[in-house]
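Visitor: Mind having a look at this structure? Questions to follow.
Pasting the structure below:
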C-alpha cells in the first residue's frame, strides 16, 4: 500500500494530521517538481517522505494502527 494511501487513511481516522505549512521554509529535497501532502510543500513526493514513514511507524509501534498486510504475489511470468 503506498505511503500516501496510509497517510490519508490515518488522517480520516483521526490518528494523524498533516504538518503545518511553513511558508518561510525553502523547498526541501532535490525534487522541486514533486509535492508532499504531509509537509504541504514541494521537494519530495508523499510516497518518498521519510518523516511520514517514521511517523506512521511510530503509530504502528504504539498500537494506534496495525501494519497493513503485505501482498507477496508472484510476478505475472512466475505463476
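Numbering (the working numbering), first residue to last: 22 to 100. Ideal Cβ positions, reconstructed from N, Cα and C, are used throughout, including at glycine.
Inspect the beta-carbon positions of residue 40 and residue 68 and report whether they are closer than 8 Å.
Guide: No, they are not a contact pair.
Visitor: Indicate the three-state DSSP secondary structure (helix, strand or coil) for residue 63 in the structure shown.
Guide: Strand at residue 63.
Visitor: Given that a residue counts as buried once 16 or more other Cβ atoms are within 10 Å of its Cβ, and exposed if not, what is residue 84?
Guide: Its Cβ having fewer than 16 others within 10 Å, residue 84 is exposed.
Visitor: I think residue 66 touches residue 57, with their Cβ atoms under 8 Å apart; what is that distance to the nearest whole Å?
Guide: Right, their Cβ atoms sit about 6 Å apart.
Visitor: Provide the residue(s) that pair with residue 57 in DSSP beta bridges, ordered along the chain.
Guide: In the DSSP output, where bridge partners are listed per residue, residue 57 has 62.
Visitor: Run the CB neighbour count on residue 77, radius 10 Å, all protein chains shown included, and call it buried at 16 or more, exposed below.
Guide: Label assigned to residue 77: buried.
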